[in-house]
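Colleague:
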Amino acid sequence: MNRCLIFAIVALVLWPVSSFAQSLVADQAWVRLPPPVMDATAGYMVVENAGDQDVVLIAVDSPVAEHVMMHGMQMSEGRMHMFPLPEVHVPAHASVSFVPGGMHIMLMGLHAPLRAGQSVHFEFKTSAGELLPVDAIVRDMRK
Ligand SMILES: [Cu+2]
Numbered sequence: 000m001n002r003c004l005i006f007a008i009v010a011l012v013l014w015p016v017s018s019f020a021q022s023l024v025a026d027q028a029w030v031r032l033p034p035p036v037m038d039a040t041a042g043y044m045v046v047e048n049a050g051d052q053d054v055v056l057i058a059v060d061s062p063v064a065e066h067v068m069m070h071g072m073q074m075s076e077g078r079m080h081m082f083p084l085p086e087v088h089v090p091a092h093a094s095v096s097f098v099p100g101g102m103h104i105m106l107m108g109l110h111a112p113l114r115a116g117q118s119v120h121f122e123f124k125t126s127a128g129e130l131l132p133v134d135a136i137v138r139d140m141r142k
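Anchor point for the sequence shown: position 135 equals 134 in numbering that gives the first Met the number 0, and the numbering is continuous, going up by one each time.
#1: Since Lys124 is in the beta strand (DSSP E), which residue starts that stretch and which ends it?
#2: Between Val63 and Val30, what straight-line distance do the alpha-carbon atoms span, to the nearest angstrom?
#3: Considering only their Cβ atoms, is the gap separating Leu84 from Glu47 smaller than 9 Å?
#4: By Cβ distance below 6 Å, which residues in the same chain neighbour Ala89 in space, the five residues on each side in sequence not counted?
#5: May I ask you to check if the CB of Ala49 is nearer than 8 Å to at least one heavy atom of ligand 3?
#6: Going by the DSSP bridge assignment, what does Val30 pair with across the sheet?
#7: Cβ-heavy atom distance between Met105 and ligand 1 below 8 Å?
#8: Is the closest heavy atom of ligand 1 to the C-beta of His70 under 8 Å?
#9: What span of residues does the beta strand (DSSP E) with Gln73 cover, start to end?
#10: Run the CB neighbour count on Ile136, radius 10 Å, all protein chains shown included, and call it buried at 16 or more, exposed below.
#11: Among Gln52, Lys142, Lys124, Glu129, which residue has its Cα nearest to the Cα of Val67?
#12: Using only CA atoms, which one of Phe97, Gly101, Glu65 lies nearest to Gln153?
#13: Out of curiosity, what's the CA-to-CA distance linking Leu113 and Ser75?
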C-alpha cells in the first residue's frame, strides 16, 4: 500500500461525522437590513420537521457575523427583552417560526454592511450532530 492511499483511508476514518438533517426544511428565510450605523440584525425563518422524531436545534452559525445565536423574547418590567436560547425543539411533523417580535436568529458583529437582496448563509446544528444549511435573503423593511 502506498503512503497516499494510507493517508486517504486515515482521513476517511477520522472525518468528522456530520450529515445533513434530511427531515428538516427551512422556509421563508430572510434577514432584516439594519440601519447603516448598526452592526447587528436578526434573521427569520420557519423550520419544519417532516420526520418522525423530534429534533433539537443546538446552535446556528453564519459567515457574515462574529456572533450568531438563537434568541427568545420575553416581557419584563414593561419592556420586551431578548435572551439567548441554548436549544430550540422542533417536534416531529411540526414547525417552529423565527419571526419579528418573537424567536429570532441574532446576528451581532457583522463583518461587512449587508445589502438588500444579498444572500446570507446559515447553518443550524442539531443535537444529533446533523447540519441544516439555510440561505436567507436580506430585505429592507423600511420601504
Ligand atoms: Cu436578539
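Note that beta-carbon positions come from the ideal geometry of N, C-alpha and C, so glycine has one too.
Modeller: Once the coordinates are examined:
#1: Run containing Lys124: 118–125, per the beta strand (DSSP E) assignment.
#2: Cα to Cα, the separation comes out at about 11 Å.
#3: The answer is no: Cβ separation not under 9 Å.
#4: Rather than Ala, the amino acid found at residue 89 in this sequence is Val. Cβ within range, chain order: Val46, Asn48, Val54, Val95.
#5: This structure simply doesn't include ligand 3; it includes ligand 1 instead.
#6: Answer is Gly42, Val137, bridged to Val30.
#7: Yes.
#8: His70 Cβ: within cutoff of ligand 1.
#9: Segment 64–75, the beta strand (DSSP E) holding Gln73.
#10: By the 16-neighbour rule on beta-carbons within 10 angstroms, Ile136 is exposed.
#11: Comparing alpha-carbon positions, the option among Gln52, Lys142, Lys124, Glu129 lying closest to Val67 turns out to be Lys124.
#12: Nothing can be reported for residue 153, as the shown portion of the chain is limited to 0 through 142.
#13: Their backbone Cα atoms lie some 31 Å apart in a straight line.
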